[in-house]
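Respectively, the protein sequence lines represent chains W and G. Quick note: the first sequence uses numbering that gives the first Met the number 0, first residue 0, plus one each step. Quick note: the second sequence uses numbering that gives the first Met the number 0, first residue 0, plus one each step. Backbone N, C-alpha and C define an ideal beta-carbon position, used for all residues, glycine too.
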Amino acid sequence: MNPKLRLFAFLFLLLGFFTAQAAEQRIEFTEYTLDNGLHVILHQDNTTPNVVVNIMYHVGGKNEHPDRRGFAHFFEHLMFEGSKHIGRGEFAEIVEAAGGSLNAYTSFDVTNYFVLLPSNQLELGLWLESERLLHPVIDSIGIATQKDVVTEEMKQVRDNRPYGRLMLETISRAFTVHPYHTDVLGPDEHIRNATYEEIIAFHDMFYVPNNAVLVVSGDIDIEETQRLVELYFGDIPRGEHEIFRPDVVEPMRTTELRDTVFDQIQLPAYIQAYPIPAQGTEDYYALRMLGSLLSQGQSSRLYRRMVVEEQVALQVQAMPLGLEDPGIHMILSIPNMGVDPLALEEIIDEELEMVRAELITEEEFQKLRNQVESRMVNSNTTIARRAMNLAEYYLLYGDTNLINTEIDRYMAVTREDIQRVAQQYLREDGRVVLFYLPEAL
Amino acid sequence: MKRIFIAVALILFAVYTLSAQVDRSRRPEPGPAPVIQLGEFDSFELANGLRVIVVENRQVPVVSFQLTLDIDPVFEGDATGFVSMAGSLMREGTTNRTKQEIDEAIDFIGGSLSTFSSGMFASSLTRHKETLLDLMTDILFNPSFPENEMERLINQSKSGLATVRNDAGAMASNVSRAVVYGADHPYGEVTTEESLENITIDMIRQYYKDHFKPNVAYMVIVGDIDATQARELMENHFGQWEPGEVPSRTFPTPQPPQGRRVAFADRSGAVQSVVIVTHPLVLTPGHEDAIKVSVMNSILGGGAFSGRLMQNLREDKGYTYGARSNIGTDPLVSRFTARTEVRNEVTDSTVVQILYEMERMINELVDESSLQLTKNFMTGSFARALESPRTIANFALNIARYDLPEDYYATYLERLNAVTVEDVQQMAAKYLKPDNSIIVVAGNRSEVAETLIPFSATGEVEFFDAFGRPFEEPDLMPAPAGYTAETVIEKYIEARGGRAKLEGIQDMTQVITASTMGMQLQVKAYQKAPNYFLQRMEMGGMTLSQQAFDGEKAVVLSQMGRQEFTEGEEFDQFKLQSVMISELRYEEYGIQKELLGMEVVGGKKAYKIEVTSPAGAVSHEYYCAETGFKIQSVSDMSLSTYSDYREVSGIMVPHKTVQQAGPQTVEMTVDEISINSGLDSSLFVIE
Chain W
0 MNPKLRLFAF LFLLLGFFTA QAAEQRIEFT EYTLDNGLHV ILHQDNTTPN VVVNIMYHVG
60 GKNEHPDRRG FAHFFEHLMF EGSKHIGRGE FAEIVEAAGG SLNAYTSFDV TNYFVLLPSN
120 QLELGLWLES ERLLHPVIDS IGIATQKDVV TEEMKQVRDN RPYGRLMLET ISRAFTVHPY
180 HTDVLGPDEH IRNATYEEII AFHDMFYVPN NAVLVVSGDI DIEETQRLVE LYFGDIPRGE
240 HEIFRPDVVE PMRTTELRDT VFDQIQLPAY IQAYPIPAQG TEDYYALRML GSLLSQGQSS
300 RLYRRMVVEE QVALQVQAMP LGLEDPGIHM ILSIPNMGVD PLALEEIIDE ELEMVRAELI
360 TEEEFQKLRN QVESRMVNSN TTIARRAMNL AEYYLLYGDT NLINTEIDRY MAVTREDIQR
420 VAQQYLREDG RVVLFYLPEA L
Chain G
0 MKRIFIAVAL ILFAVYTLSA QVDRSRRPEP GPAPVIQLGE FDSFELANGL RVIVVENRQV
60 PVVSFQLTLD IDPVFEGDAT GFVSMAGSLM REGTTNRTKQ EIDEAIDFIG GSLSTFSSGM
120 FASSLTRHKE TLLDLMTDIL FNPSFPENEM ERLINQSKSG LATVRNDAGA MASNVSRAVV
180 YGADHPYGEV TTEESLENIT IDMIRQYYKD HFKPNVAYMV IVGDIDATQA RELMENHFGQ
240 WEPGEVPSRT FPTPQPPQGR RVAFADRSGA VQSVVIVTHP LVLTPGHEDA IKVSVMNSIL
300 GGGAFSGRLM QNLREDKGYT YGARSNIGTD PLVSRFTART EVRNEVTDST VVQILYEMER
360 MINELVDESS LQLTKNFMTG SFARALESPR TIANFALNIA RYDLPEDYYA TYLERLNAVT
420 VEDVQQMAAK YLKPDNSIIV VAGNRSEVAE TLIPFSATGE VEFFDAFGRP FEEPDLMPAP
480 AGYTAETVIE KYIEARGGRA KLEGIQDMTQ VITASTMGMQ LQVKAYQKAP NYFLQRMEMG
540 GMTLSQQAFD GEKAVVLSQM GRQEFTEGEE FDQFKLQSVM ISELRYEEYG IQKELLGMEV
600 VGGKKAYKIE VTSPAGAVSH EYYCAETGFK IQSVSDMSLS TYSDYREVSG IMVPHKTVQQ
660 AGPQTVEMTV DEISINSGLD SSLFVIE
């Protein structure tokens, strides 16, 4: 065989491969803003006859009054109660009778609602969401019931679960003035004390079109969907109040905070929390890659050393919490039975010192880049995930097209960046160290 | 190539609004029902018997390989956990690569690779697929099962098991499996620290040798690849895999219990109970009932939010964050489970409601509208699942593995929509066994366990440990160091209001309702210091009997006539009973007392004190460790429990007493009570 030809064929294949990949990966969307301020993003994918109506409100735990922590999440529950034209308890029933399913979640920064439907029920989905945005109806029975439900949710996911309070205990120390210091569920009594007037006021301030982004993705026709969106959302009035966004800057900690918490657990946990910049910043991408270096995969530095080689830990994880305001990078480890958590600290600190002192190898760096690529490729495989990601990129990053280009930001990170962020942010004098110990000890 | 189309005419056509002003009170009508199209798959078989299923999907440049062995479960006995350990250990080293080399190679390509006792899963970007398959086949053909890695995994599993002891959810799951399937069925075996100790490397090697054969294996390939490429890859990488005989095993089918059982696992300090109502059943994949049963379950508490359990327990009562039920299919045996987590004080009410909803499925036809809702919901879920190419791959795998008709999934929606309300009721009657179920609760024993007694056919609550083993009640636990009978009695006196208050009781009058064998009696009891006593029993205004004691003479008046005692055993008993708080008078009456230790009574830890009268009669008194109150008293003749202590004039008085004597149980509740109302001694003299 002619070697030249073979080389040519090889190049051709390679080229073909890359262009094909780029074309397949690109997620097309249309975005615009209605007169009332509602931002709309439409993404068409007719592969399966399904649609997603996703509406994300720019309100989360951090927008709450200090005496009403947990309110945003509690309000999320109330949004399923009904509206002017939807009776109590009918909301979910209507969705399910139409062959759909629905859910919502509240984070520190946003509250997100999604309804998944067969594509011939798109209009129903838009009607449902417009109803509860425009005029939700919440009665005293609904309020009382959802207070009970939320109380049980607190127990189920936090108070009655081993390590359930770990996150709360960490953030309540890592943040002193910023509202990130309480978890999204909040304390029970805050929810118990919530009044009807507060619920109405919360809706009027935050549940307004100019504080939301509506994403419709899936088996749609763009023009027809635009018409329907205008029909159901166009005449919803813009909010009249200035939206409460606490402008609080968490002061830099200058000395290490060490503390101990007791809980009903069998094995202790050891936690470090370092203050870091907000998600979407350049350094945040470097920090995420640093997190991967430390604990993603069994060959990662902390996992290999602590779980495989020295066998002191059952688990170890290093992860920056991606938040709209500056957040924290957490390192969390659970020791094997009989191992002192202090032994974990020694190793973690040694490994962090190593990252600060020496550049990572080219090979490790390539591994991190491959891991990022793999993760990004797998993060947009369903219309629901795409809808959620589009909403978040718009609302929290201010750039919807990051769904296609965020990978470039990771690829711009250098080995030196990773070393630098380790030096700059993972500093012992700025961190919180928490020993989470079994009560019986 | 197999290509399948389905059209489901769910409902009608859209009536689009033409004006810009929308009438919001009008719920939008759906458009024409979309065509739900099942994707395509290819399948072929290698000469060694490996069956391959390929689902091409070019949406993202990723390809995955899933190897599934179709083998019978293994009964692991005292080495439970070795089968799953064999699966985990496979990827921890080969004759060509160390664990570290394997980890590095997989992480470097950003891929994933896991091994299980019944197969493997590997996935990566398409361009790394050759590397991925090299690793996968090295692990599949040449595992070295290094002993040091086994030790590591065992230690790690032990640490993992330790965390279960505080995890009510995991405890409930363990108990539920162990009780539903029984310890002699592979599905009922639960790994414990002890069973991990018994695992040997030879068991693991043998398991691998016996089961990893191409002739019992399916390879499912999904993603950025076509059938031709897939065939070439399979021939190259798996063509040399040697077939061989694989052992088969059968097991007796677990049966539901004769009567309802209550199984409890204690998670002390819990603020919620994990409640599972469950029982075994047989429903094989593809069975003609399977779709009807899934509709029935969905109405009761399946995936939909509109499920009855969710609506009842969450939206109506606010007991829980969520409640769902499930019925799976399995070639051997499956089970029904209804599961929720609720606050302690409504645990028993929750069980009542779950059983009620099960009964309602059996006794009543469901509404046409809720059946239609469920069918629509399930149709929608089916259509949404098709978004993932893995769904088609799983359909193809199930058809092959369980020998289902080729069009099983193609006709799924048709059969779903043919289910009737009568079918639903029949399925409920056939598969739900509320009276033969097991109620599993993991939670706060002292607050909850006793309330579950009424659900048990035997009146017994069975206790289990965190791993589903019967909990051996330590008969008698030692009391804390330094504790004596005096300490316990002093604590009791303190709990009831203090010595001064109790000594200050001059008289007490109680009106009591006693019920036994469906009858209600009224008892009036009068006591006066130091030892006057009168008890009158009435029914419908008629006096049935009277007993009186004035310190010197006991008189009993009944339909059998009049009896008098001035000495002897009966007299002694009257003498002791006539004292209001006998604990205050032990010394005076020459009564011996000894602290024997602690026992659990009605779910509560209690001090056990042996009391001996001068005549030698022995009884045992139990004082709650938490509250200090006397909660039980046991003699040869009878067993009495005391509860519902309430304050009366500064003194805590039990308002409920249950007395068992032989086969007879009398339940007494105090309706009226007064202290120091100035009773006259003459009241206690019966002429």
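Sort the options by Cα distance to residue i and report the nearest one.
i, options, result
"serine 82(W)", "Val136(W), Glu128(W), Ala268(W) and Leu313(W)", "Val136(W)"
"isoleucine 26(W)", "Val420(W), Thr381(W) and Tyr435(W)", "Thr381(W)"
"aspartate 571(G)", "Asn530(G), Gly596(G), Gln545(G) and Leu556(G)", "Asn530(G)"
"valine 149(W)", "Leu372(G), Asn675(G), Ser387(G) and Lys316(G)", "Lys316(G)"
"valine 351(G)", "Leu412(G), Glu340(G), Leu451(G) and Arg266(G)", "Leu451(G)"
"valine 53(G)", "Gly567(G), Tyr482(G) and Ala392(G)", "Ala392(G)"
"leucine 389(W)", "Thr47(W), Val52(W), Asn35(W) and Arg237(W)", "Val52(W)"
"threonine 328(G)", "Ile203(G), Ser293(G) and Thr93(G)", "Ser293(G)"
Closer than 9 Å, CB to CB, is residue i near chain C or not?
i, result
"aspartate 182(W)", "Absent from the structure is chain C; the protein chains it does hold are W and G."
Straight-line CA distance for residue i to residue j?
i, j, result
"arginine 259(G)", "alanine 322(G)", "21 Å"
"threonine 194(W)", "asparagine 102(W)", "25 Å"
"leucine 595(G)", "phenylalanine 250(G)", "47 Å"
"asparagine 42(W)", "glutamate 223(W)", "According to the sequence displayed, residue 42(W) carries histidine and not asparagine. Answer to the nearest angstrom: the Cα atoms are 13 Å apart."
"glutamine 20(W)", "valine 440(G)", "Note that glutamine 20(W) has pLDDT 41, beneath the 50 cutoff, so the model's placement of it is unreliable and the number below is only indicative. One C-alpha to the other measures close to 52 Å."
"asparagine 416(G)", "methionine 426(G)", "16 Å"
"glutamine 316(W)", "proline 404(G)", "46 Å"
"aspartate 506(G)", "glutamine 562(G)", "25 Å"
"alanine 614(G)", "tyrosine 621(G)", "21 Å"
"alanine 104(G)", "aspartate 133(G)", "10 Å"
"isoleucine 488(G)", "glutamate 582(G)", "7 Å"
"glycine 691(G)", "glutamate 344(W)", "For chain G, the structure presents residues 0 to 686; residue 691(G) sits outside this window and is missing."
"phenylalanine 17(W)", "tyrosine 283(W)", "Its pLDDT being 38, under 50, phenylalanine 17(W) is placed unreliably in this model, and the coordinates cannot settle the point."
"serine 642(G)", "glutamine 658(G)", "12 Å"
"serine 267(G)", "glycine 442(G)", "7 Å"
"arginine 67(W)", "glutamine 591(G)", "60 Å"
"valine 652(G)", "isoleucine 672(G)", "9 Å"
Looking at the unbroken beta strand (DSSP E) that takes in residue i, where does it start and where does it end?
i, result
"methionine 536(G)", "531-538"
"glutamate 30(W)", "29-32"
"glycine 326(W)", "326-334"
"threonine 257(W)", "The question names threonine, but residue 257(W) is arginine in the sequence shown. 256-262 is the span of the beta strand (DSSP E), which, as asked, contains arginine 257(W)."
"histidine 38(W)", "38-43"
"glutamate 461(G)", "460-463"
"threonine 277(G)", "271-280"
"histidine 72(W)", "Unbroken run through histidine 72(W) is the alpha helix (DSSP H), 70-77; no beta strand (DSSP E)."
"histidine 654(G)", "650-660"
Taking the continuous alpha helix (DSSP H) assigned at residue i, which residues delimit it?
i, result
"aspartate 348(W)", "340-356"
"alanine 229(G)", "226-237"
"tyrosine 180(G)", "167-180"
"threonine 224(W)", "221-232"
"histidine 189(W)", "187-191"
Requested in this report: Could you list the residues in the region 376-403 of chain W with a C-beta less than 9 Å from some C-beta on chain G, going in chain order?
Outcome: Cβ contacts with chain G come from Val376, Asn377, Asn379, Thr380, Thr381, Ile382 and Ala383.
Report task. Please name the residues in the region 46-68 of chain W whose beta-carbon is closer than 8 Å to at least one beta-carbon of chain G, in chain order. Result -> Hits within the stretch, in order: Thr46, Thr47, Pro48 and Asn49.
**Report entry** Residues from the region 403-424 of chain G in contact with chain W, defined by Cβ distance under 9 Å
**Finding:** Under the 9 Å Cβ criterion, the region 403-424 of chain G contributes no residue.
Query raised in the report: Residues in the region 25-43 of chain W with C-beta within 8 Å of chain G's C-beta atoms, listed in sequence order?
Result: Residues passing the 8 Å Cβ filter: none.
**Report entry** Short-range partners of chain W found in the region 291-308 of chain G, where Cβ spacing is below 9 Å
**Finding:** Within the region 291-308 of chain G, the residues whose Cβ lies closer than 9 Å to some Cβ of chain W are Gly302, Ala303, Phe304 and Ser305, listed in chain order.
Query - Members of the region 226-246 of chain W that neighbour chain G once the beta carbon cut-off is set at 7 Å - result: The region 226-246 of chain W vs chain G, Cβ under 7 Å: Leu230 and Tyr231.
Query raised in the report: What residues from the region 266-285 of chain G come within 7 Å of chain W, judged by C-beta to C-beta, listed N to C?
Result: Those residues of the region 266-285 of chain G that come within reach of chain W (Cβ to Cβ, closer than 7 Å) are Gly268, Ala269, Val270 and Gln271.
Requested in this report: Report the residues of the region 24-35 of chain G with a CB closer than 9 Å to any CB of chain W, ordered along the chain.
Outcome: Within the region 24-35 of chain G, contact with chain W at the beta-carbon level (separation under 9 Å) is assigned to Ser24, Arg25, Arg26, Pro27, Glu28, Pro29, Gly30, Pro31, Ala32, Pro33, Val34 and Ile35.
Query - Contact residues within the region 186-202 of chain W, judged by C-beta distance below 9 Å to chain G - result: Here the close residues number zero.
Query raised in the report: Can you list the alpha helix (DSSP H) stretches of 4 or more residues lying completely in the region 377-449 of chain G, in chain order?
Result: The region 377-449 of chain G contains these whole alpha helix (DSSP H) runs: 388-400, 411-416, 420-430 and 444-447.
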